Each structure stands twice: as C-alpha cells, then as structure tokens.
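So the structure is just underneath, and the comments pick up after that.
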Amino acid sequence: MDQKKMFIDGCWTEGSEGKSEPTINPANGQVLAYMTVGTKEDVHRAVAAARRSFYETREWRDLDSQSRSDKLLEIADAIEAEKEEFARLDSMDHGKPLREAECDVDDAIHCFRYYAGILKAPCGGSYEVNDGFGAMHSYTIHEPVGVCALITPWNYPLLMAVWKLAPALAAGNSVVFKPSSNCVLSCVKLFEIFEKLEMPKGSVNLVLGPGSVVGNEMAASTDVDMVTFTGSTQVGQSIMRAAAGNVKKVGLELGGKSPNVIFADADLEGAVEWAMVGIFFNQGEVCSAGSRIIIEESIKDAFVKRLAQRANAMTIGNPLDNPDMGPLVTEGHMNRVLSYIQKGIDEGATLVCGGERYTEGECASGYYVRPTIFNDCTSDMTIVREEIFGPVVTIQTFRTEQEAIDLANDTPYGLAGAVFTADGARALRVIREIRAGITWINCYNPTFNEAPWGGYKMSGIGRELGVHGLEEYQEVKQININLNPGTLGWYEH
Ligand code: NAD
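With the first letter of the sequence shown counted as 1, position 112 gets the number 112 in full-length UniProt numbering; the numbers rise by one all the way through.
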C-alpha cells in the first residue's frame, strides 16, 4: 500500500526511525494509506534546510515580488487542475461530505490567489516628523520573519494548511509544516505540487508525525523564528510555553464554544436554517461552530421543535455519496463526543434528538454520531462549558437583552458568535458586546479570505486571512532619515 513520505530540503524522505503508521478511513475503519512517522531528528533536518534556504541561498526570500506572486498563482492553478482529487482525499481522510470538501478546495485555491494579489499591494507607512531632532522622514518596511513552523489540525486538512502556507510564502518566509496525523493525504499532495513547480530547495518542508514529539520540537526549536498553530487551546498553551526559549513569534488559532443568540423577532425559519449550518456543517467539527444556542424564552419551544425536525431529517452516510453528514474523524474522537453526550444526560440536560452512534447499514463499521440537541441547559453544565467538536448543540434561554449578552460571554473562549434579530440597532448593540473575534448578524459561518479570522480570550492570539494574515508573517522595520545631515537638533545645545 501507498506509503506517504515527508518532504525535506527538496527530497521525499522517510522518518529517521523507519516507522510508519496508518491513516484510517472513518467511513469504514479501513486503512487508506500508511505514512512515515517523523522524529525530532527529522524536525532538525527540516529546520536546518529551511534556515539554509532563508539565510544562505535566499532564493525564495529574494525572489522579486512579481515572480513570487506568479508562483503562488501557479500553485493555485495546479490545485485547481486536480480539484476533484483533492476533494476526494479530504472527504475520505476526514469524513466530510464531498461537496463540502469541494468548497474547501475552492477556498484554498482562492486563498493562494488572494495572497498572490495582496503581496503586491502597498504596505508600510510614511511619516514626516519634526519633534526636536530636526526634520526627519520616517517610514516602515515589511520583511519576512524567517523560518516559520506551521502546525495544523485535522478538521479542514487542506484549507487550514493553506491559510498558513499562502501568507507565509507570500511574505517570503521559509516554512516547516506539520499537518495532523489524522489527515495527511491532501497535504502530501500539496507538497507534490510544490515539488512539481520547483519551489526553491528548503523553502517548503513537510514533516509528519505525532504532535507531542514533532510539533513540540518545532515549537521549541531555537532555530525557528516563528511558530503558528491551529488546534486546541490546551496544545496552544503548551506551544506558547515551548516557544519561550528564543521568544519566537507565536500565532495561535484555538478552540471555541461560540454563542448563537436568537431574539423573538428574528425570522424563525431563517434562524433554524443558519443554526443547522452553525452546528452540523462538517459534523460540527468546526472551531467556530454555533454550539451554544441562546434563545429568547417566548420562541424557544417553536424553535426547538423545528430544529429537531430538521436534525432528524438529516441524511447520514458515506461522505463520498454526499449525505448531509459524514462520520467523525476517528473512533477515539467519536467516543469522546459520545462521552460528552452521556455527561449531558447525567447532568440533567433534556435530550431532544440524536444522542447516539449511528450504525445503520454500511455505517456500522464507521464513526457516525446522530445530530444531537440538548434542551434546558444551564451554564454550569459540562456540555455548555467545554468544546465538544461534534454535532452536539445546547439550548439556553433568556428574557432580556442583557441576560443574552451575559450568557453569550459566560465562557473562557472568544472565537465566534452570532445574533439573529429583525431590529438592526439591537443587532449592532449586541454584536459589539460579544467578546469574540468573528461575528455574524442574521447568518452563521460565512468566511472570506479578505476578512481577518481569529479569537479573543482563550481562543487565540493574532489573525489569519486578510491583510492581517500577511502581516502575521512579517516583521516591521522602522527607518528614520535625517533630512539635514550634519545637524543634531536639540542635541546641539
Ligand atoms: P490538537 O490541538 O489536538 O492538534 C492540532 C495539531 O497540533 C496537530 O497537528 C497535532 O499533531 C499537533 N500537536 C498535538 N500536540 C502537540 C504538542 N504538544 N506540541 C505541538 N503540536 C502538537 O487539535 P485537533 O484535535 O487536531 O483539532 C481540533 C481543535 O482545533 C479544536 O479545538 C478546534 O477548535 C481547533 N481549531 C481552531 C481553529 C481556529 O481557527 N481557531 C480552526 C480549526 C480548528
């Protein structure tokens, strides 16, 4: 069977210990492919290659901006040429319905194109200053950070990789990238494209292997200038600690437990449809999922009834057949989600629908969980407090606007949130009070390359996408010019 390798210093290579492990198809528990297992030594090799590329050969870093932009466009075109295969790989490896995987590939293509364009946009500032030193002109330039370690989760295997790779490369950095061991196939394929397009040796390196070994070494290496991580808050904290050794730049996109606040004057049918997208898209394995529905008491019963009808009608099955929902990513993750469901029942929440593994027909050997709704939830329940990362939503009620805001903010997370109401002024008032980085009014989940993505509180540090996303991978240098050389301003006194 196919064995997936790492890509280090322009060559495909096996892990230094010669070990491999399988990646499993969550739809049926069968092995999809084997992948080599990287080690600390492999990380050192990849980091050394990236350092040579950035600090010595400098091919990618010094490439003129037009050529760098052209190369990113070539990468986008090459992904597009194999769009169907990329989507099939992510659908099989992760479990997401094929059409959702196709959307991810489209987003990945557009992300490379977006950064190909934005890297040519004006950047930096220019200031005329005269504050006692004499007339000066001060301006800023943006430079690449250097060697960037990029670590991603499994829920959007290709897209999370591209959200980091596109801006990091646009800025001229050299990178060492590690995907989650649960889903590597589309990422390996992306590096096949980098090889085919002759990205300069050492500028793009792929390492595979366990996060606690390989990922931790990337974060800790003092030869790495920046680490950027998307994943759980718990691992994000350990990345921050590991990165302290050389005070490297840190970017963190972490977990969430996002509120979806619905007022009684909202369009009920619209709110139900968006709530479905908010929690059941991608099997609920979405960092920004609207996993806490906070609804005005007077419409709760009607809303829950309709939401349950829609959830019960969802089709579940092999992701390649395009059901509404596929399996969860691994058996372990399925069991974790099921144990949260049990906790919800034990702690007294009312199970409205779902709440169990789905095993009909061919699904018996896969890792499927029915869409699950819990009613009568309170803020102290584990299912309301902790990120479940599956198709499980909790319902809480409020009577006043302030109560809605307080419930929305009663979480250590601050990634996303939404408000549904027909009252425009109230929508703006409430959304401004929600302590979260990504918010929606009368919709849930739409995401754009142009707009910055990231969290408040324990949901992270920094932003991806947009101009902010490029600036994360840049250092800013201030350059000050004395317009009257030979004079010293007030120093002359
Ligand atoms: P995870 O934290 O378990 O793993 C993420 C990555 O970190 C993987 O590549 C893993 O191998 C690696 N890793 C694990 N331990 C490590 C360590 N000690 N040092 C360095 N790297 C390590 O997360 P996951 O289960 O893959 O993904 C789900 C989580 O990701 C959820 O919490 C979700 O909210 C979050 N997420 C956040 C965003 C966002 O934009 N904020 C986007 C997607 C997912």
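Using N, Cα and C, we set each Cβ at its ideal position, and we do this for glycine too.
Every value quoted in this text rests on a predicted model; they were computed, and no experiment measured them.
Same chain only: Cβ atoms within 8 Å of residue i, ignoring 5 sequence neighbours per side
{"i": "residue 443", "result": "274 and 418"}
{"i": "residue 237", "result": "none"}
{"i": "residue 358", "result": "316, 368, 369 and 370"}
{"i": "residue 330", "result": "24, 26, 182 and 367"}
Residue i Cβ short of 8 Å to ligand 1 heavy atom set
{"i": "residue 172", "result": "no"}
{"i": "residue 254", "result": "yes"}
{"i": "residue 286", "result": "yes"}
{"i": "residue 415", "result": "yes"}
{"i": "residue 401", "result": "no"}
{"i": "residue 427", "result": "no"}
{"i": "residue 218", "result": "yes"}
{"i": "residue 279", "result": "no"}
{"i": "residue 283", "result": "no"}
{"i": "residue 242", "result": "yes"}
{"i": "residue 156", "result": "yes"}
{"i": "residue 440", "result": "no"}
{"i": "residue 12", "result": "no"}
{"i": "residue 386", "result": "no"}
{"i": "residue 35", "result": "no"}
{"i": "residue 192", "result": "no"}
{"i": "residue 151", "result": "yes"}
{"i": "residue 230", "result": "yes"}
{"i": "residue 466", "result": "no"}
{"i": "residue 160", "result": "yes"}
{"i": "residue 178", "result": "yes"}
{"i": "residue 24", "result": "no"}
{"i": "residue 291", "result": "no"}
{"i": "residue 323", "result": "no"}
The alpha helix (DSSP H) enclosing residue i, as first and last residue numbers
{"i": "residue 100", "result": "98-118"}
{"i": "residue 337", "result": "331-346"}
{"i": "residue 91", "result": "83-94"}
{"i": "residue 237", "result": "233-243"}
{"i": "residue 405", "result": "401-409"}
{"i": "residue 163", "result": "157-170"}
{"i": "residue 309", "result": "297-312"}
{"i": "residue 268", "result": "268-280"}
{"i": "residue 428", "result": "424-433"}
{"i": "residue 185", "result": "185-196"}
{"i": "residue 388", "result": "Per DSSP, residue 388 belongs to no alpha helix (DSSP H) and is neither H nor E."}
Rounded distance between the beta-carbons of residue j and residue i, thought under 8 Å
{"i": "residue 415", "j": "residue 203", "result": "31 Å between Cβ atoms; not a contact."}
{"i": "residue 168", "j": "residue 473", "result": "5 Å"}
{"i": "residue 182", "j": "residue 163", "result": "Not quite, the Cβ-Cβ distance comes to about 18 Å (not below 8 Å), so this is no contact."}
{"i": "residue 78", "j": "residue 201", "result": "That belief does not hold up - the Cβ atoms of residue 78 and residue 201 are roughly 19 Å apart, past 8 Å."}
{"i": "residue 34", "j": "residue 66", "result": "So it is not a contact: roughly 41 Å between Cβ atoms."}
{"i": "residue 171", "j": "residue 112", "result": "The pair is not a contact, with the Cβ atoms about 13 Å apart (cut-off 8 Å)."}
{"i": "residue 288", "j": "residue 445", "result": "7 Å"}
{"i": "residue 213", "j": "residue 487", "result": "In fact, because the Cβ distance is near 58 Å, the residues do not count as touching under 8 Å."}
Beta-carbon contacts of residue i that lie in its chain and below 6 Å, excluding the five residues immediately before and after
{"i": "residue 379", "result": "410"}
{"i": "residue 25", "result": "32 and 92"}
{"i": "residue 475", "result": "143 and 145"}
{"i": "residue 459", "result": "254, 256, 413, 414 and 415"}
{"i": "residue 69", "result": "116, 119 and 120"}
{"i": "residue 300", "result": "397"}
{"i": "residue 427", "result": "419, 421 and 441"}
Contacts around residue i, its chain only, beta-carbon distance under 7 Å, and the 5 residues preceding and following it disregarded
{"i": "residue 80", "result": "109"}
{"i": "residue 219", "result": "149, 227, 239, 242 and 243"}
{"i": "residue 10", "result": "201 and 202"}
{"i": "residue 160", "result": "152, 153 and 230"}
{"i": "residue 13", "result": "5 and 6"}
{"i": "residue 272", "result": "303, 306, 307 and 310"}
{"i": "residue 399", "result": "297"}
{"i": "residue 551", "result": "This structure leaves residue 551 out entirely; the chain is present only between 1 and 493."}
{"i": "residue 343", "result": "382 and 383"}
{"i": "residue 498", "result": "Residue 498 is absent from the structure shown; the chain starts at 1 and stops at 493."}
{"i": "residue 457", "result": "412, 413, 414 and 435"}
Range of the contiguous beta strand (DSSP E) that encloses residue i
{"i": "residue 11", "result": "11-13"}
{"i": "residue 417", "result": "416-420"}
{"i": "residue 176", "result": "174-178"}
{"i": "residue 549", "result": "It is not possible to answer for residue 549, since the shown part of the chain is limited to 1 through 493."}
{"i": "residue 488", "result": "Where residue 488 is concerned, there is no enclosing beta strand (DSSP E), given that its DSSP letter is neither H nor E."}
Any C-beta of chain D under 9 Å from that of residue i
{"i": "residue 176", "result": "Chain labels in this structure do not include chain D; a single protein chain is all it has."}
Residue i beta carbon near ligand 3 (any heavy atom closer than 8 Å)
{"i": "residue 233", "result": "Annotation note on ligand 3: not contained in the displayed structure, which lists ligand 1 as its ligands."}
Tell me whether the region 236-246 and the region 282-293 touch, counting them as touching only if at least three CB pairs, one residue from each stretch, are closer than 8 Å. no
If contact is defined by three or more beta carbon pairs under 8 Å, each pair taking one atom from either stretch, is the region 170-180 in contact with the region 31-50? yes
Counting Cβ pairs, one atom from each stretch, are 3 or more of them under 8 Å apart for the region 86-101 and the region 131-149? no
Contact the region 262-277 vs the region 353-366: 3+ CB pairs below 8 Å: no
Determine, using beta-carbon pairs with one atom in the region 342-362 and one in the region 115-132, whether at least three such pairs fall under 8 Å. no
Does the count of Cβ pairs from the region 376-394 and the region 428-435 closer than 8 Å reach three? no
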